Amino acid sequence: MLVDLKNVQKSYGDQPVLAGVDLQLDAAQSLALTGESGSGKSTLLHLIGGLDQADAGEVAVAGENLRQMDDAGRAALRRTTVSVVFQQFNLIPSLNVAANLSFQARLAGRFDRAWTNALTERLGLSGLEQRYPEQLSGGQQQRVAIGRALAVRPALILADEPTGNLDEDSGDAVMSLLLDLVRDTGAGLLMVTHSQRLAARLDRRLMLAHGRIA
Amino acid sequence: MILTTAQATLSHWKRRPGQLLTLVIGLALATALWSGVQAINAEARASYDSAAQSLGQSTLEILEPVSSETLPQSRFAELRRAGWLVSPVLEGRYRLGDRTIRIRGYDPLTAPVAMQPVNLTDPNDLLGFIGGTVGFVHPETYAGLELSETDLEIYAQAALPLGVLLVDIGTAQRLLDQRDAISHLVLWPDQPAGLESLRKLAPDLRRVRPNQTSDAARLTDSFHLNLTAFGLLAFAVGLFIVHGAIGLAFEQRRAMFRTLRALGVPLQSLVIVLASEVMVLAVLSAVVGVALGYIIAATLLPDVAATIRGLYGAEVTGNLQFRRSWWLSGLGIALAGAALASAQALWRVSKMPLLAPAQPRAWLRASSRGITIQLGVAMGLFLVAGLSVQYFSGLIAGFVMLGSLLLGAALILPGILSALLNMASRLSVRPLTQWFWADTHQQLPGLSLALMALMLALATNIGVGTMVSSFRLTFTGWLDQRLASEFYVTGRDQADADALLAFLEPRSDAVLPIWRVEGALNQHPGEVFAVADHPTYRDNWPMLRAVPDIWDLLANGEGVLINEQLWRRDDLSLGDTLTLPDGPNLQIIGVFSDYGNPKAQAIIGLSVFDRVYPNAARLGFAVRIDPEKVSQLRADIREEFDLPDTLMIDQASIKSFSLGVFERTFAVSGALNILTLGVAGFAMLTSLLTLASMRIPQLAPVWALGQTRARLAQFELLRAVLLAALTTVVAIPVGLVLAWSLLAVVNVEAFGWRLPMFLFPSQWLVLGGLTLLAAVLAALWPAQKLARTPPGDLLKVFANER
Ligand SMILES: Nc1ncnc2c1ncn2[C@@H]1O[C@H](COP(=O)(O)OP(=O)(O)OP(=O)(O)O)[C@@H](O)[C@H]1O
Ligand SMILES: [Mg+2]
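Residue numbers (our numbering), protein chains in the order written: chain A, 1 to 214; chain B, 1001 to 1802.
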């Protein structure tokens, strides 16, 4: 079991957002998470990624209980086990494409030149390695972000509306790349999306409503 | 991992070398300012010490014969045998070719270090000196000597007074043909305990206290205090600038830190990387800064050295030495300032939420909580300032007050500006003006450190400027009153004085006796003067406090005047009685200012003096004479009586000399003022540049709604000028409070007298003008950058791309 959530609860102040979420994801499985705006999809993703902590319930990723981890433990999880692809691409503006691509892998001590080169190739970023993020289009930036996430060979990829900032055509292209690569690496994928069309391309589909999985 | 993280954080500087440069320059300038002032201070202090030493005689007590010209050398041996540490000196006039010079013979083996103007550590030099073949004179005297007329090897030595030939005492006895004779004995400052009293051992010798330091020499103290105050203020300005620069260095990379954390960089690694980065940069900048400080100090030092040289008449090296004290303190301020600033910034990084949308501008939002906290801290500081003057005394308390006042004033500045801007924005109706005020308000937190530094720099300017100017005005005015007579002369003994009186009467308009005895006044070491009843005093001496008809009362022996020091120290009032040494009680009828005198002083009428001190020596005279004739009179007296210069004072030369000292003081503090202002201006430039790069998202909507980039750039300029002007307005009262503290608190604590404060609004105008100029210069570049921002950059904001 790659992800195992039991009765996860989270609220901001006195506003409950997650009111007991149960969710399981097997290794190498892909899952689409849909739901209305404000339903708590991002919040859930952040809990799984160790970016935030649940108020109650169990959050386990790759067999490890996140609720028992300290800050350093969660940082290690983000480095090696889980990669997050954000809607805004979150590249490091002062590093060029090549450095951004290899950055997380080197942080994790898992840098593999051949694999990074292959990723660059497959993401269509060849020739752009020396450019800086501000010199790329949105779709190109998101492809760098995906490459950065995959370069680590994580067990799980979390993606929060990764194509939300892109037009439909480039969004579809990026999505296809992401799905192909995830499949090839055998990583699990949990993706938040508004698009039913995109959701249909994943193994499973769940909807979040009123703080629970509907 | 540390390495990879460091690579990422450092990559920012590689992409933005300009920001790195401004950070380093900001830090370096702050260090330079501080270490420059420190260097001057250290050099000045060292120079005072060495100058005072080389003229040691004036600081040492001597024993001289009461009734004869000289005493036999055997007296020296007797006193040495009795355990007294004394050293013989023989002085006399000597003709060398067609010039008369003064010979001073001393014994290098027994003389206290403090009176050895010539360094005779080399055994060969010492042998030559003792052997009677070597002598020293001042370089100017040297130039006029006919060396062929003497068998001595004469060397120039700048530490000597003019017209004096310094030789071994044996040589002096030979040249003056006074075998076994001594003019006087110099007493070592520290004598062994339990010696038989000199009064018994040598009733024929009189113990003469060192010449009181001349009025002008006291100026050094205030000059020095001025520099010390400036050092403290430079420190404060520097601290704010360092703080601002480091804070910006962190804010610029906030989004990156968040991304790094999201990618799994542990907080600890990030903190280690950033802290080491700051320290490396701080050391680098500090080295540059210390070098710059050296240049500043070396440029200003000739003025300082000239001041000291003038004051002591002694040569002081105009060369700056690389003293450990100040370059260490320069490194110290850079590192401590950087550590302080980065501690705060790192704390914020560690508290930074991982998830909040990446918003480099969060920092720009005026945090009203922050302003409230600052106001609270400022109030606390003001309280500390108040308490420290109320309940503690001493120089430290004075400086604590000064420091807390300034820091407090700096901390409330953002609050004041924020309130003003809020008001303006509420009062404005046109949408664009409304936006302008709101936008300015929003920028305030990003600029506030630079503005605080500017405010401190301005307040320092005003404070120190007011102090120096007030001091000059007071002191020169006071010299006019205090040295109302043109010329003052004191005889060595009663015979001298009697002869002087006879000599002076036909040559002057009036000769006014000034008799003097020493003794305790209210348990303080002090002196009592008696002055004649004469218009010189009636017309010239204003009193700080006085009863009516004060001069009549004084002349009738019905009262006593005391100096401000005594008055303040013992909290006396008019009408209190003062007991004179071995004498009667007299009512205090007036208080006069007596700047720089460390002793208590009282003035009585001649009739009282005659009655109470019939046996006191009556040695001094004030001489009223046409100022043109003073220098001739002086020369005549020197010729006739062989009086040393220290016993003659002429008003005009003291005055012109004091003015010269003030001019140089002004030159030094003026240069420092400009520097401080320049550094503060640079801090503003850094902040504006940083803000400019973060402000695109705020400006883009206004641009899109139909304002040209040029127009927006004009707004940026206007804003900088406006904020600088408001800061100046706040700085003026702060500077005046600062001046008041220096004059009325620190000065009283340091010297026991209070200086009246004068205001110089024209100085403020000039300063205000300079400030606005600095603001325009600082804003020019960022504004121009804005005017040239490619529309694409502005459009990106709407594409929601970072
Ligand atoms: N930091 C926060 N503080 C307070 N409330 C928050 C915070 N973050 C999210 N919320 C609230 O929690 C709820 C869930 O937010 P979340 O971002 O998870 O929604 P979402 O499903 O991702 O929405 P969207 O599809 O619009 O991205 C929302 O009502 C939001 O207002
Ligand atoms: Mg969301």
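From the three backbone atoms N, C-alpha and C, an ideal C-beta is built for every residue, glycine too. Remember, predicted model here, so these are calculated numbers, not experimental data.
1) Within the chosen definition, does the segment 1437 to 1450 of chain B reach the segment 1229 to 1238 of chain B through at least 3 CB pairs nearer than 8 Å?
2) Could you give the distance in angstroms between the alpha-carbon of I1154/B and the alpha-carbon of L1659/B?
3) Using the C-alpha atoms, what's the distance from A1724/B back to P1790/B?
4) Under 8 Å: do the segment 8 to 21 of chain A and the segment 1004 to 1024 of chain B share three or more Cβ pairs, one atom per stretch?
5) Alpha carbon to alpha carbon, what distance is there between A1457/B and I1696/B?
6) So what does DSSP say about D169/A, is it helix, strand or coil?
7) Any C-beta of chain B within less than 9 Å: which residues of the segment 48 to 66 of chain A qualify?
8) Report, in whole angstroms, the separation of the C-beta atoms of G1526/B and Q1587/B, which I expect to be a contact under 8 Å.
9) In chain B, what lies closer than 9 Å to L44/A by C-beta?
10) Any chance you could list the residues with Cβ under 5 Å from a heavy atom of ligand 1, keeping chain order?
11) Taking the alpha carbon of P1302/B as the point to measure from, which residue in V1668/B, Q1784/B, A1700/B and P1756/B has its own alpha carbon closest?
12) Name the residues in the segment 178 to 206 of chain A whose C-beta lies less than 7 Å from a C-beta of chain B; which are they?
13) Mind checking W1347/B: buried by the 16 CB within 10 Å criterion, or exposed?
14) DSSP state of K1599/B, grouped into three classes?
15) Kindly indicate which three-state DSSP category N1522/B falls into: helix, strand or coil?
16) Could you tell me whether the Cβ of T1004/B comes closer than 8 Å to any Cβ of chain A?
17) In chain order, which beta strand (DSSP E) runs of at least 3 residues are fully inside the segment 30 to 75 of chain A?
18) Any contact between the segment 147 to 157 of chain A and the segment 89 to 109 of chain A? By contact I mean 3 or more CB pairs, one from each, below 8 Å.
19) Give the secondary structure of N1556/B by DSSP, where H, G and I count as helix, E and B as strand, and everything else as coil.
20) Could you tell me which uninterrupted alpha helix (DSSP H) segments, each at least 4 residues in length, are contained entirely in the segment 1464 to 1538 of chain B, listed from first to last along the chain?
21) Quick one: grab the DSSP three-state call for Q24/A.
22) Hey, is V192/A close to ligand 2, as in C-beta under 7 Å from one of its heavy atoms?
23) If the cut is a Cβ gap below 8 Å, which residues of chain B does I92/A touch?
24) Taking only beta-carbon positions, decide if A209/A is within less than 8 Å of chain B.
25) Taking its Cβ as the centre, do 16 or more other Cβ atoms sit within 10 Å of L198/A, making it buried, or is it exposed?
26) For chain A, check one thing: does any of its Cβ atoms lie closer than 8 Å to the Cβ of R1788/B?
27) If you measure from the CB of D160/A, is any heavy atom of ligand 2 nearer than 7 Å?
28) Am I right that P1581/B and G1519/B are in contact with their C-beta atoms under 8 Å? What's the rounded C-beta distance?
29) Which word fits T1728/B, buried or exposed, when buried means at least 16 other C-beta atoms lie within 10 angstroms of its C-beta?
30) Going straight from the alpha carbon of Q9/A to that of N65/A, what length do you get?
31) Please check the pair A1341/B and I1246/B, which I expect to be a contact at CB under 8 Å, by giving their CB distance rounded to whole angstroms.
32) Report the rounded CA-to-CA distance for Q1212/B versus R1516/B, giving the unit in angstroms.
33) Output yes if chain B places a C-beta closer than 8 Å to the C-beta of V8/A; else output no.
34) Secondary structure at L1202/B, three-state DSSP: helix, strand or coil?
35) L2/A CB to nearest chain B CB: under 8 Å?
36) Any idea if P1701/B is buried or exposed, counting beta-carbon neighbours within 10 angstroms, 16 or more meaning buried?
Based on what the coordinates show:
1) Output reads no: the segment 1229 to 1238 of chain B does not touch the segment 1437 to 1450 of chain B.
2) In a straight line, the C-alpha of I1154/B is about 35 Å away from that of L1659/B.
3) When the Cα atoms are used, P1790/B and A1724/B turn out to be separated by approximately 29 Å.
4) Contact fails: fewer than three Cβ-Cβ distances are below 8 Å.
5) One C-alpha to the other measures close to 30 Å.
6) D169/A carries a helical assignment under DSSP once its states are collapsed to helix, strand and coil.
7) Listed by position, the residues of the segment 48 to 66 of chain A near chain B (Cβ gap below 9 Å) are G49, G50, L51 and D52.
8) That pair is no contact at about 17 Å.
9) The contacting residues do not exist; L44/A stays about 13 Å from chain B at best.
10) Listed along the chain, these residues meet the criterion: Y12/A, V17/A, S37/A, G38/A, S39/A, G40/A, K41/A, S42/A and T43/A.
11) Considering only alpha carbons, the answer is V1668/B.
12) Cβ contacts with chain B come from no residue of the segment 178 to 206 of chain A.
13) Flag for W1347/B reads exposed.
14) Collapsing the DSSP output to three states places K1599/B in coil.
15) N1522/B: coil per DSSP, three-state reduction.
16) So yes, T1004/B belongs to the interface.
17) If we require 3 residues or more, the beta strand (DSSP E) runs fully inside the segment 30 to 75 of chain A come out as 30 to 35 and 56 to 61.
18) As far as the Cβ criterion goes, the segment 147 to 157 of chain A touches the segment 89 to 109 of chain A, which means the pair count is three or higher.
19) Three-state result, N1556/B: coil.
20) If one requires a minimum length of 4 residues, the alpha helix (DSSP H) runs lying completely within the segment 1464 to 1538 of chain B are 1494 to 1504, in chain order.
21) The answer is strand: DSSP assigns Q24/A an E or B state.
22) Proximity of the beta carbon of V192/A to ligand 2 is indicated: a heavy atom of the ligand is located closer than 7 Å.
23) Residues of chain B passing the Cβ test: A1008, S1011, M1256, T1259 and L1260.
24) By this cut-off, A209/A is not an interface position.
25) In this structure L198/A is buried. Its beta-carbon is surrounded by 16 or more other beta-carbon atoms within 10 angstroms.
26) By this cut-off, R1788/B is not an interface position.
27) It does: the Cβ of D160/A is within 7 Å (strictly closer) of some heavy atom of ligand 2.
28) Under the criterion of beta carbons closer than 8 Å, P1581/B and G1519/B qualify as touching, at roughly 3 Å.
29) Buried, since its Cβ has 16 or more Cβ neighbours within 10 Å.
30) Each residue's alpha carbon lies about 15 Å from the other.
31) Indeed, because the Cβ distance is near 4 Å, the residues count as touching under 8 Å.
32) Summary for Q1212/B: the model assigns pLDDT 43, below 50, so the residue's position carries little reliability, and this model does not support an answer.
33) Not a single C-beta of chain B is nearer than 8 Å to the C-beta of V8/A.
34) It should be pointed out that residue 1202/B corresponds to Ala in this sequence rather than to Leu. The answer is coil: DSSP assigns A1202/B none of H, G, I, E or B.
35) No, because no Cβ of chain B sits closer than 8 Å to the Cβ of L2/A.
36) With fewer than 16 neighbouring CB atoms inside 10 Å of its own CB, P1701/B falls in the exposed class.
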